[in-house]
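Here the sequence shown stands for residues 63 to 1020, numbered as in our numbering.
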Amino acid sequence: MLRINAIPNTAAAKAYYALSDYMIEGENLTAHWHGKGAALLGLEGTVAKEDFERLCDNLHPKSGLQLTAKHLENRRVGYDLTFSVSKSISILYALGQDDRLPNEFRGAVADTMAEIEREMSTRVRRKGADFDRKTGNLVWADFTHHTSRPINGTPDPQLHVHAVVFNATYDSEEKQWKAGQFGGIKADAPYFQAMFRTRLANRLQALGYDIRKTKDDFEITGVPERTIKEFSRRTTLIEKTADLLGIKKPETKAKLGATTREPKKEGQTWDSLVRGWEDRVTLRERHAIHETVAHKETPLPELANASALDWAMRHSFERSSVVSERELVTTALKHGLGSVTPEGIYKELGSRKDLIRREIDGRTMVTTKGVLGEERKILDFAQKGRGRFRPLSRGLTLAGVAAKEQSTLSHFGQAVSTGSTLTPTTPTAHSQPMEGSTAGKVKELPAASDLVTLSPVGQADVPRRVNAAPSLESGPISASDPRTLSTSQLAAVRHAWYSRDPLILIRGAAGTGKTTMTKALLKDVDVPWVILAPSAEASRGVLRREGFEGAETLAKFLFDDETQQQARNGLIVLDEASLAGAHDMARLIQVADSIRARILLLGDRRQHKSVARGDVLTLLEDRAGLPVAEVSEIRRQGGEYREAVKLASQGRVSDAFEKLDRLGWVKQGGDIAGDYIAAIRDGKSVLVVSPTHAEGDQVTAAIRARLKQEGRLKGEEKTFDGLSPLHLTEAERSESANLEGRVAVFVRSAGTHKAGDRVAVDAGNRAELSQRAKSIAVYDRSTLALAVGDSLRITANGKDLSGSHRLNNGATYTVDGFTDAGNIRLNNGWVISKDFGHLAPGYVVTSHASQGKTVDIALLAMGNQSVRAMGSEQFYVSTSRARQKTQIYCDDKEAVRDAIQRDDQRMLASELVRAPRKGIKEKLKKRVAFLRELGSRVMDGVRSRGMEKRRDLTHELG
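Structure, rendered in structure tokens:
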């Protein structure tokens, strides 16, 4: 393990030299100088206290003069890079008395530190410059410890090294010592940790030891598991504390070490500690330890650099279009631990012809030709068919489309007067519904008395209100309110109707009434259409509730020929398109091409993106050169709340946070459970959102406790077995070690298994199941306590016990009771099998799961433990869910304000291969955006005046 922590002050730095080992009486640490920087200062060999303390005070160790050019009172003294070995190595050293192990350990540390030293840089700020310059030198000292912090007064054996690195590096260009730039080194800590572990594993194998990979590290084969557990009391204590606090992230658990440790003490010799440790193991364990000690040096096992890199590529590029070269190398080293070398991985990397590399801001970034080809396929579809299709309304010229606007607005309860006439043209076969097919249907909306007059074609295309219809300024208007189409909604409808392109884009910010706009658009589209969404709840749930009766999932459409045929010669509408990955979009385009259909994408690139690789909306908006209609007027919220959401939709999340804070809606502390109870008592619909599952679990527990006090949860709780998804990549599922002890669920039929089959994975079947990686999802077992009145969320698609009702992933229900057989009865009368498993409490969701939902009140749990998961997308999506109010609960307002400004900017493969020089990129983006908007405005003006004379083109036949 490698942890990097700042040394905040001089006193803390000097303590490293003053302290002996944690509990060993008379044990004097012998530290040594390392690094090219140390040599420049004349430091070598054993660390002398005076030299060390002078450096702590930022003084030259020989002359006593100030070392770096600048000296601030609150300057950071340096960094502690702590290298630790796995427990079996410490046991073999302490109880197996293998004195070679500390030397091999320190050798692996020295090799890794030499690589870190090569990366060292300093800031350059002279004459208006602003960049980092590589210096390649460090000053550092090693302090080796042999024990852990004590538990109940006694430590366990634990080899680790504190590499104390001083905040000083020599800039040979400026001929002076300066502060170091450590940001890149900290960011690359996983890479350096993988390098360290690989080197240590190879050194130990060269001594004759066999190793076995564990979840996060490796152990020496032969050391009994019970012995390892016996001497891992610090780890056990931290894990228990993390469980109590609901902490799951490894980096957060690591920080618990500082809050759970006992103070260092002295009082025992090394020999007395060893005798005490021997008393804690059995005679059989002691014998196994001594038998494990290797005495014959052996060559490394056959290397597998190529297969390790293959695996790393499959794993990394499943969810990212572009990764850093170091991220790819790190993944390969971790996967191939014990059978790879850093040099071998880099050599293999250099030989790959399918990789594309480019240096961006000092980091080498990598993609593949396959990922690039996928993006180009999407762009080709959007670009090559432009202008070759008829307008979506059958048999109309542009003047006729204006009349069609009249028909659509009238359907929405509006009387429209225009100066245009309906002029039919000769229809073509591909502009009509296929005989015998079922076009999409929209449920009728109730009429309203609002009257809107549309200006005649050739005049300003702005609806003029002629009665007291609700205005956007007067307060929130439901997205399903049929009384009015806003200016941008009407423009979006016209944009889709007029388009002659194969792919149409409509961008809609959260709460702008995309549903109303989509109904208006589709009501008078005279070709067959289907409407899809990436998730079951968004399609079969939200869209169907909004009136789109045949809405389906994107996944079903891609695999189901019958559903595809419903859109033949027609239109495929994809809602929440930001959640669709590039791979699925490329497949959707392939299907559309085969059935001669066009695609309409509805979404918002500022909201959450797909877990799978690719940012499709950004790719199309920035690279395809397509016109984009934007629905901008927010209708869900009103007043200052609407202004806050508008700011968030524009990426100005700090300003949005400030506005919500001024409204009194940001609480440092607060009783989220009490406010939840108060809201439901008032009959409000409530959504609780948390960036992480860990914090969500804590809030769920607090809410359920209050519900019990209120008497809203009734009767005795029942406990059910559950399945907790691990979200492994296909590459991870292909590794049998990742499956054992878990549950494999077939998501599609394979071999003798049918979709929905569950298999408990053990040593006997894990190899077979790992070969079915494409067809399975992997789960851990969990438990769920439920009482009557509990909110219950479905976490995977399925059916109720009768098989008659579909359960959509993400749907929530209330528990109405339990059957005599122990099954769960819902408030709608459906019964879920007690063995269904895919269940979770329905009180709290992540912001990703909240996208597309609308409620009265949203309560956001944004505590310190979730800070790492916060960002601009998470904040925007979460704060835009409610109609009336969003309440934020946090531990530290400033920490949240900083965290939400992080942007999930995914680099595209197309962007990597065409990346401009630094400084030009932003200018080009702004210029392209300006020209695109200008072009769209000009075209709208031309179209509205009826001056564009187009040939009537038939639907392209491929």
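Note that CB positions come from ideal geometry on N, CA and C, so glycine has one too.
Expected contact under 8 Å - CB spacing of residue 664 and residue 637 to nearest Å: Taking the sequence shown and counting its residues from 1, one reaches residue 664 at position 602. Taking the sequence shown and counting its residues from 1, one reaches residue 637 at position 575. That belief holds up - the Cβ atoms of residue 664 and residue 637 are roughly 5 Å apart, short of 8 Å.
For residue 861, three-class secondary structure by DSSP: As a first step, residue 861 must be located in the sequence shown, where it is residue number 799. Residue 861 sits in a strand when the DSSP states are folded into three classes.
Cut-off 6 Å between Cβ atoms - residues of its own chain near residue 398, not counting five sequence neighbours on either side: For the purposes of this step, residue 398 is identified with residue 336 of the sequence shown, where counting begins at 1. The beta carbon of residue 398 sits closer than 6 Å to those of 366 and 370, all from its chain and outside the five residues before and after it, given in chain order.
Boundaries (first-last residue) of the alpha helix (DSSP H) holding residue 955: Taking the sequence shown and counting its residues from 1, the one referred to as residue 955 is at position 893. Following the DSSP letters along the chain, one finds residue 955 inside the alpha helix (DSSP H) bounded by residues 955-961.
Rounded separation between residue 66 and residue 194 - CA only: Along the sequence shown, one-based indexing puts residue 66 at 4. Along the sequence shown, one-based indexing puts residue 194 at 132. Taken atom to atom, the span from the alpha-carbon of residue 66 to that of residue 194 is near 21 Å.
Residue 101 burial status per 10 Å Cβ neighbour count (16 or more: buried): If you number the sequence shown from 1, residue 101 lands on position 39. Classification of residue 101: exposed, given that the 10 Å Cβ count is below 16.
When 152, 295 and 242 are compared against residue 184, the one with the closest alpha-carbon: Mapped onto the sequence shown, residue 184 falls at position 122. The shortest CA-to-CA distance from residue 184 to any of 152, 295 and 242 is the one to 242.
Chain D contact for residue 332 (CB, 8 Å cutoff): Looking for chain D here will not work: only one protein chain is present.
Cut-off 7 Å between Cβ atoms - residues of its own chain near residue 809, not counting five sequence neighbours on either side: Position 747 of the sequence shown holds residue 809. Cβ neighbours of residue 809 beyond the five flanking positions: 817, 837, 838 and 839.
Residue(s) in a DSSP beta bridge with residue 728: Position 666 of the sequence shown holds residue 728. DSSP output for residue 728 lists 950 as bridge partner(s).
7 Å Cβ shell around residue 776 - same chain, five flanking residues per side excluded: Translated into the one-based positions of the sequence shown, residue 776 becomes position 714. The residues are 849, 850 and 851.
With 16 other Cβ atoms within 10 Å as the buried cut-off, status of residue 531: Taking the sequence shown and counting its residues from 1, one reaches residue 531 at position 469. Only weak support is given to the placement of residue 531: the predicted model assigns it a pLDDT of 27, under 50, and the question is left unresolved by the model.
Touch test, the stretch 371-384 against the stretch 960-980, Cβ-Cβ under 8 Å, three pairs minimum: Two segments are said to touch when three or more pairs of C-beta atoms, one from each, lie closer than 8 Å; by this definition the stretch 371-384 touches the stretch 960-980.
Residue 403 vs residue 260 beta-carbon contact at 8 Å: To locate residue 403, count along the sequence shown from 1; it is residue 341. To locate residue 260, count along the sequence shown from 1; it is residue 198. Between residue 403 and residue 260, the CB-CB gap stays under 8 Å.
Where residue 116 sits in the DSSP three-state scheme: The sequence position of residue 116 within the sequence shown is 54, counting from 1. Three-state DSSP puts residue 116 in a helix.
Residue 239 versus residue 98 - alpha carbon distance: Locating residue 239 in the sequence shown gives position 177, counting from the first residue. Locating residue 98 in the sequence shown gives position 36, counting from the first residue. Spanning the two alpha carbons is a distance of roughly 13 Å.
Span of the alpha helix (DSSP H), counted from its first residue to its last, around residue 565: On the sequence shown, position 503 is the one that residue 565 refers to. That residue, residue 565, is in no alpha helix (DSSP H); its beta strand (DSSP E) goes 565-570.
Top-ranked residue by Cα proximity to residue 407, from 256, 294 and 421: For the purposes of this step, residue 407 is taken as residue 345 along the sequence shown, with counting starting at 1. Closest by alpha carbon: 256.
Boundaries of the alpha helix (DSSP H) in which residue 647 is found, first to last residue: Translated into the one-based positions of the sequence shown, residue 647 becomes position 585. First-last of the alpha helix (DSSP H) with residue 647: 644-656.
Buried versus exposed, by CB contacts within 10 Å (16 or more), residue 569: Working through the sequence shown from its first residue, we reach residue 569 at position 507. Buried, since its Cβ has 16 or more Cβ neighbours within 10 Å.
Boundaries of the alpha helix (DSSP H) in which residue 102 is found, first to last residue: As a first step, residue 102 must be located in the sequence shown, where it is residue number 40. Residue 102 -> alpha helix (DSSP H) spans 98-102.
Start-to-end residues for the beta strand (DSSP E) that takes in residue 888: In the sequence shown, residue 888 corresponds to position 826, counting from 1. Unbroken beta strand (DSSP E) run through residue 888: 886-888.
Paired residues, beta bridge with residue 425 - DSSP: Stepping through the sequence shown from its first residue, residue 425 is reached at position 363. Partner(s): 422.
Reduced DSSP category for residue 844 - H, G, I as helix; E, B as strand; rest coil: Taking the first residue of the sequence shown as position 1, residue 844 is located at position 782. If DSSP states are grouped into helix, strand and coil, residue 844 belongs with the strands.
Rounded straight-line distance, which links the Cα of residue 824 to that of residue 899: Taking the sequence shown and counting its residues from 1, one reaches residue 899 at position 837. Taking the sequence shown and counting its residues from 1, one reaches residue 824 at position 762. Rounded to the nearest angstrom, the two C-alpha atoms are 19 Å apart.
Three-way DSSP call (helix, strand, coil) for residue 207 in this model: Working through the sequence shown from its first residue, we reach residue 207 at position 145. DSSP places residue 207 in the strand class (E or B) of the three-state scheme.
Distance, residue 578 Cα to residue 881 Cα: Taking the first residue of the sequence shown as 1, we reach residue 881 at position 819. Taking the first residue of the sequence shown as 1, we reach residue 578 at position 516. Their Cα atoms are separated by approximately 41 Å.
Exposure of residue 354, with buried meaning 16 or more beta-carbon neighbours within 10 Å: Your numbering for residue 354 matches position 292 in the sequence shown. By the Cβ-count criterion, residue 354 is buried, with 16 or more other Cβ atoms from all chains shown falling within 10 Å of its own Cβ.
Distance, residue 289 Cα to residue 54 Cα: A query on residue 54 cannot be resolved here, the shown segment of the chain reaching from 63 to 1020 and no further.
As assigned by DSSP and simplified to three states, the class of residue 339: Residue numbering aside, residue 339 sits at position 277 when the sequence shown is read from its first letter. Residue 339 sits in a helix when the DSSP states are folded into three classes.
6 Å CB neighbourhood of residue 855 in its chain, flanking five on each side removed: Your numbering for residue 855 matches position 793 in the sequence shown. Cβ within range, chain order: 874, 902 and 904.
Beta-carbon proximity of residue 943 to residue 906, cut-off 8 Å: Position 881 of the sequence shown, counted from the start, is the residue given in the question as residue 943. Position 844 of the sequence shown, counted from the start, is the residue given in the question as residue 906. Taking 8 Å as the Cβ cut-off, residue 943 and residue 906 do not qualify as a contacting pair.
Simplified DSSP state of residue 795, which is helix, strand or coil: As a first step, residue 795 is located in the sequence shown; it is residue number 733 there, counting from the start. Reduced to three states, the DSSP call for residue 795 is helix.
Chain-order list of residues whose beta-carbon lies under 7 Å from that of residue 790 (same chain, five-residue window excluded): Translated into the one-based positions of the sequence shown, residue 790 becomes position 728. Contacts found: 800 and 840.
Reduced DSSP category for residue 924 - H, G, I as helix; E, B as strand; rest coil: Start at 1 with the first residue of the sequence shown, and residue 924 comes out as number 862. Correct three-state label for residue 924: strand.
Rounded straight-line distance, which links the Cα of residue 802 to that of residue 274: Along the sequence shown, read from residue 1 onward, the residue named residue 274 stands at position 212. Along the sequence shown, read from residue 1 onward, the residue named residue 802 stands at position 740. Distance between the alpha carbons of residue 274 and residue 802: 15 Å.
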